[in-house]
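Chemist:
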Amino acid sequence: MSIDFRSIHSQTRLYNFHSHTQYCDGRASVADFAAEAAACGFLHYGFSPHSPVPVASGCNMSMADVDAYMADVDDARHRYDGQLQFHTGMEIDYLGPMWGPANSYFRDLGLDYAIGSVHFIPAKDGTLVDIDGSFERFSANMSKYFDNDIRYVVDSYFSRSLDMIAAGGFDVIGHFDKVAHNASCWQADIEEQHWYADWIDRMLDAIISSGIIVEINTKSYARFNRLFPALRHLPRIVEAGIPLIVNSDAHEPKLINASREYVFGLLDGIAAARPHQQNPS
Ligand SMILES: [Zn+2]
Ligand SMILES: [Zn+2]
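Here the sequence shown is numbered in my numbering, starting from 43 and rising by one per residue.
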């Protein structure tokens, strides 16, 4: 890892390390995002296209486009040299032991950083199914692939996430409880279940042991009042001293800073409520 996320986060709020351009499912070019980042006065901007995957997916970039992606970020670097730093990242899908951030393919790309994320889980027949995205599609897949078994889906999501952490090869874990949104649309009180809370405990333990960075992902806050990880977990993450960054996961330039100030305010509030952390003066 060549990026000191801890020091960047401690020094400025003008950064974002999670965004998607037309190389995957985003809706604008690298140049358009770069122009917006410059106009907003950002000091660090990271691109994180959905990685190539060895399964059919309309949301992931193709291997054939990786060189062009890296060249586009180089162009942005030259255009805004001295004003802000651009970083070539990737949001790498963990699909199981055969494909994920730890694969040498990704290590050899020369990326500046990697986000590890789980969007796909295996159906009971082994088919990899994307459980991210709209609840309409999730709901249709619940009957098509999962026998309407929400416990199986949530268990598989977190089990895969723990496997991904154990395999390593990435710097930041993407939206580590993303399944919470669709799963709680399916069963409103799912996050209150003791078995669900156990998964969060296991995730936090694994994250702490691994030293990876947690992102607070604001993509769904404006629309669904949802942060990933959920707001309820933030005090624990801060108390545990887990390094974190605040990312917008923007798919269009106007959203690169969306809901991020709100989260910085929450983090300030949590920090202020920690009396034992105050320095004597
Ligand atoms: Zn994602
Ligand atoms: Zn993303």
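Even for Gly, the Cβ is constructed at its ideal location relative to N, Cα and C.
Model, not experiment: these values are computed from the prediction.
With DSSP collapsed to three states, give me the class of residue 128.
Modeler: Taking the first residue of the sequence shown as position 1, residue 128 is located at position 86. If DSSP states are grouped into helix, strand and coil, residue 128 belongs with the strands.
Chemist: Under the criterion of a Cβ to heavy atom distance below 8 Å, does residue 213 qualify as lining ligand 2?
Modeler: Here the question's residue 213 lines up with position 171 in the sequence shown. No, since every heavy atom of ligand 2 falls outside the 8 Å radius drawn around the Cβ of residue 213.
Chemist: Note down, one range per segment and in chain order, each alpha helix (DSSP H) of at least 4 residues found wholly within the stretch 132-182.
Modeler: The qualifying runs are 146-149.
Chemist: Any heavy atom of ligand 2 closer than 8 Å to the beta-carbon of residue 291?
Modeler: The count along the sequence shown starts at 1 and reaches residue 291 at position 249. Checking the Cβ of residue 291 against ligand 2 gives yes.
Chemist: May I have a chain-ordered list of the beta strand (DSSP E) segments no shorter than 3 residues that lie completely inside the stretch 264-314?
Modeler: Runs of the beta strand (DSSP E) inside the stretch 264-314: 286-289.
Chemist: Which of the three DSSP states, helix, strand or coil, is assigned to residue 223?
Modeler: In the sequence shown, counting from the first residue as 1, residue 223 sits at position 181. In this structure, residue 223 counts as helix in the three-state DSSP scheme.
Chemist: Under 9 Å, do residue 161 and residue 135 count as touching if we go by C-beta distance?
Modeler: Sequence index remark: in the sequence shown, residue 161 carries index 119 (1-based). Sequence index remark: in the sequence shown, residue 135 carries index 93 (1-based). Against a cut-off of 9 Å, the Cβ pair of residue 135 and residue 161 comes out as a contact.
Chemist: Measuring straight from C-alpha to C-alpha, what distance separates residue 82 and residue 72?
Modeler: Taking the sequence shown and counting its residues from 1, one reaches residue 82 at position 40. Taking the sequence shown and counting its residues from 1, one reaches residue 72 at position 30. If I take the Cα positions, the gap works out to 15 Å.
Chemist: What's the gap between the Cα of residue 7 and the Cα of residue 112?
Modeler: Past the boundaries of the shown model lies residue 7; the chain is included only from 43 to 323, so the question cannot be answered.
Chemist: Quick one: what's got a C-beta closer than 6 Å to residue 93's C-beta in the same chain, skipping five residues either side?
Modeler: Position 51 of the sequence shown, counting from 1, holds the residue named residue 93. Same-chain partners within the cutoff: 132, 134 and 135.
Chemist: Using 9 Å as the threshold, is the C-beta distance between residue 47 and residue 298 below it?
Modeler: The sequence position of residue 47 within the sequence shown is 5, counting from 1. The sequence position of residue 298 within the sequence shown is 256, counting from 1. Going by C-beta atoms, residue 47 is not nearer than 9 Å to residue 298.
Chemist: Please report the residue range of the beta strand (DSSP E) in which residue 258 lies.
Modeler: Reading the sequence shown from its first residue, position 216 is the one you call residue 258. Per DSSP, residue 258 belongs to the beta strand (DSSP E) from 255-259.
Chemist: Assuming residue 110 and residue 294 are in contact, meaning their beta carbons sit under 8 Å apart, how far apart are those beta carbons, in whole angstroms?
Modeler: Against the sequence shown, residue 110 aligns to sequence position 68. Against the sequence shown, residue 294 aligns to sequence position 252. Not quite, the Cβ-Cβ distance comes to about 20 Å (not below 8 Å), so this is no contact.
Chemist: Restricting to Cα atoms, I'd like to know which of 68, 126, 108 and 185 is closest to residue 150.
Modeler: Position 108 of the sequence shown holds residue 150. Among 68, 126, 108 and 185, the Cα nearest to that of residue 150 is on 108.
Chemist: Leaving out the 5 sequence neighbours to the left and right, which residues in its chain are closer than 7 Å to residue 277 when beta-carbon positions are compared?
Modeler: Mapped onto the sequence shown, residue 277 falls at position 235. Cβ neighbours of residue 277 beyond the five flanking positions: 312.
Chemist: Based on Cα-Cα distance, which residue from 148, 222 and 282 lies nearest to residue 175?
Modeler: Here residue 175 refers to the residue found at position 133 when the sequence shown is read from its first residue. Ranking the options by Cα distance to residue 175, first place goes to 222.
Chemist: Spatial neighbours of residue 119 within its chain, please: CB distance less than 7 Å, with the 5 preceding and 5 following residues excluded, ordered by chain position.
Modeler: Residue mapping note: residue 119 aligns to position 77 of the sequence shown, counting from 1. For residue 119, where only same-chain residues beyond five positions count, the Cβ hits under 7 Å are 128.
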